[in-house]
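Visitor: Residue numbering for the sequence shown follows our numbering, beginning at 1045 and increasing consecutively.
The C-beta atom is built at its ideal place from N, Cα and C for all residues, glycine as well.
Quick one: the structure is below, questions incoming.
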Amino acid sequence: MTSIYDFTVKLADGTDLPLENYRGKPFVIVNTAMNCGLAPQFKELQSMHENGLDVLGVPCNQFLNQEPTTNEEMTETCEKNFGVTFPLTQKDYVNGRRTMPLFQFLKEQQPGSFGREIKWNFTKFLIDADGRVIRRYAPKTSPGKILSDLPESN
């Protein structure tokens, strides 16, 4: 069986980030787009990241061309406009035949209420400290809701 820890993603700067680095702690994976009406969620995601919940952003340009810039411009804009310091991957696909393997896995683990496809930007997945994909959140769900769903640590 494939584990979340088997994946490595390519960060916007071209370096590899093995998800093995997140072993033993909960984290959130979210598809992002800086020109989306939901982009203010970046600030809440950043706040969660600053308070100890790791966040991994996966920029995607599949929804109305809302992430049209280069990886470098995207990273700079997210940092400048939203204070983002959590890692952002290179732009990738979350639906269709070119879907990145990580999102294929996430959608298999948590198909969603209306099928597997990602419906819009800022779909969020909560992964627990054991690497299980325990919840999928709709784009409009506030990132703060994720905090109330974190399992209590012993």
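Between A1077, L1132 and N1125, which lies nearest to V1053 when the distance is taken from Cα to Cα?
Guide: Walking along the sequence shown from the start, residue 1053 turns up at place 9. Of A1077, L1132 and N1125, the residue nearest in Cα terms is L1132.
Visitor: Going by DSSP, what residue range makes up the alpha helix (DSSP H) through K1054?
Guide: Within the sequence shown, residue 1054 is the residue found at index 10, counting from 1. Per DSSP, K1054 belongs to no alpha helix (DSSP H); it is in the beta strand (DSSP E), T1052 to K1054.
Visitor: Would you identify the three-state DSSP class for N1075, choosing helix, strand or coil?
Guide: As a first step, residue 1075 must be located in the sequence shown, where it is residue number 31. Looking at N1075 - three-state DSSP - the assignment turns out to be strand.
Visitor: How many whole angstroms separate the CB atoms of E1111 and M1078, which I take to be in contact at a CB cut-off of 8 angstroms?
Guide: Along the sequence shown, one-based indexing puts residue 1111 at 67. Along the sequence shown, one-based indexing puts residue 1078 at 34. Correct: roughly 6 angstroms between the Cβ atoms.
Visitor: Using the three-state DSSP reduction, which class does N1198 fall into: helix, strand or coil?
Guide: As a first step, residue 1198 must be located in the sequence shown, where it is residue number 154. Low confidence applies here, because N1198 scores a pLDDT of 39, under 50, leaving its location unreliable and the question unanswered by this model.
Visitor: Assign N1125 to one of two classes, buried (16 or more other C-beta atoms within 10 Å of its C-beta) or exposed (fewer than that).
Guide: Numbered from 1 along the sequence shown, position 81 holds the residue referred to as residue 1125. That one is exposed.
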